[in-house]
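Reviewing the structure listed below.
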Amino acid sequence: MSSQLSIENQKPQSQTSLTQVEQKSSNQLAISSTLEQVVQVGWQITALIEQIPQYWTDFWQAYQRPIILLGWILGAVITLKVFLAVLAAINSLPLLAPLLQLVGLGYSVWFVVGNLLGFANRQVILAKINGLKEYIFGVS
Numbered sequence: 002m003s004s005q006l007s008i009e010n011q012k013p014q015s016q017t018s019l020t021q022v023e024q025k026s027s028n029q030l031a032i033s034s035t036l037e038q039v040v041q042v043g044w045q046i047t048a049l050i051e052q053i054p055q056y057w058t059d060f061w062q063a064y065q066r067p068i069i070l071l072g073w074i075l076g077a078v079i080t081l082k083v084f085l086a087v088l089a090a091i092n093s094l095p096l097l098a099p100l101l102q103l104v105g106l107g108y109s110v111w112f113v114v115g116n117l118l119g120f121a122n123r124q125v126i127l128a129k130i131n132g133l134k135e136y137i138f139g140v141s
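Numbered continuously in my numbering, the sequence shown closes out at residue 141.
Pasting the structure below:
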């Protein structure tokens with residue numbers, strides 16, 4: 002009887018050692034296939050990174066004018082914001098804002114008296130305005 006127990010006890014051990022070998026080999030296969038997948042993904046990423054300059058070149062050639070236009074618009078908006086911030090800062094100074102308003106009023110009075118009161122001066126200014134219209138819009 003004791004010999005039967007020892008044989009029965011040995012039987013599962015040999016089966017477990019066989020299953021352990023199968024698990025080890027399947028784990029090695031899984032690790033090697035996973036490693037191959039990682040290497041393949043790495044090569045795909047490398048190929049994609051190598052093509053980025055060509056993508057940018059194609060994109061720039063296709064959309065060069067709209068990108069430049071957007072750049073000009075963005076630059077104009079930023080310039081306007083900075084200009085308005087400077088004007089707000091100047092306007093916040095106690096005596097500078099009224100002084101600048103007086104300068105503007107004085108220049109306006111000087112322009113009206115010097116150029117708009119006389120008929121001949123008005124005709125010269127109207128001729129300049131019409132010439133500018135023709136230059137911008139063409140002959141109508």
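Built from N, CA and C at the ideal position, the CB exists for glycine as well. It should be emphasised that the depicted structure is a prediction, and the values quoted were computed from it without experimental measurement.
Per-residue DSSP class, three states only, for residue 115
The answer is helix: DSSP assigns residue 115 an H, G or I state.
Under the assumption that residue 116 contacts residue 122 (Cβ atoms under 8 Å), give the Cβ distance between them as a whole number of angstroms.
Confirmed, about 5 Å.
Are the CB atoms of residue 97 and residue 91 nearer to each other than 7 Å?
It is a contact, given that the beta carbons lie within the stated cut-off.
Does DSSP classify residue 94 as helix, strand or coil?
Residue 94 sits in coil when the DSSP states are folded into three classes, being neither helix nor strand.
Scan the segment 29-54 and note each continuous beta strand (DSSP E) run of 3 residues or more that stays entirely inside, going in chain order.
Taken in chain order, the segment 29-54 contains no complete beta strand (DSSP E) segment of 3 residues or longer.
Taking DSSP as the reference, what is the three-state secondary structure of residue 110?
Three-state result, residue 110: helix.
So, with DSSP's three-state summary, where would you put residue 139?
Assignment of residue 139 by DSSP, reduced to helix, strand and coil, places it in the coil class.
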